[in-house]
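Colleague: Numbering (my numbering), first residue to last: 33 to 72.
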Amino acid sequence: MSSSLVVCEVDGSLQEKLKKFRFRKETSNAAILSESDARC
Numbered sequence: 033m034s035s036s037l038v039v040c041e042v043d044g045s046l047q048e049k050l051k052k053f054r055f056r057k058e059t060s061n062a063a064i065l066s067e068s069d070a071r072c
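#1: Would DSSP call L50 helix, strand or coil?
#2: Is the Cβ-Cβ distance between F53 and I64 less than 9 Å?
#3: Suppose contacts are defined by Cβ-Cβ distances below 9 Å. Is L46 in contact with S66 by that definition?
#4: Excluding sequence positions up to five away, which residues of its chain have a Cβ less than 8 Å from the Cβ of A62?
#5: In whole angstroms, give me the CA-to-CA distance for E58 and E48.
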């Protein structure tokens, strides 16, 4: 009974930015700001 539940879709370009952000080499502080649409 395990099935995937899709809550909302994330744009491919945002997924790529998040991946690069997660694995970045810098040790300084950083953030990604994103706006979401309530109509997911």
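Cβ atoms here follow ideal geometry from the backbone N, Cα and C, with glycine treated the same way. Bear in mind that the values here come from a model prediction, so they are computed numbers and not experimental data.
Modeller: A quick look at the data gives this:
#1: helix
#2: yes
#3: yes
#4: F53 and R56
#5: 17 Å
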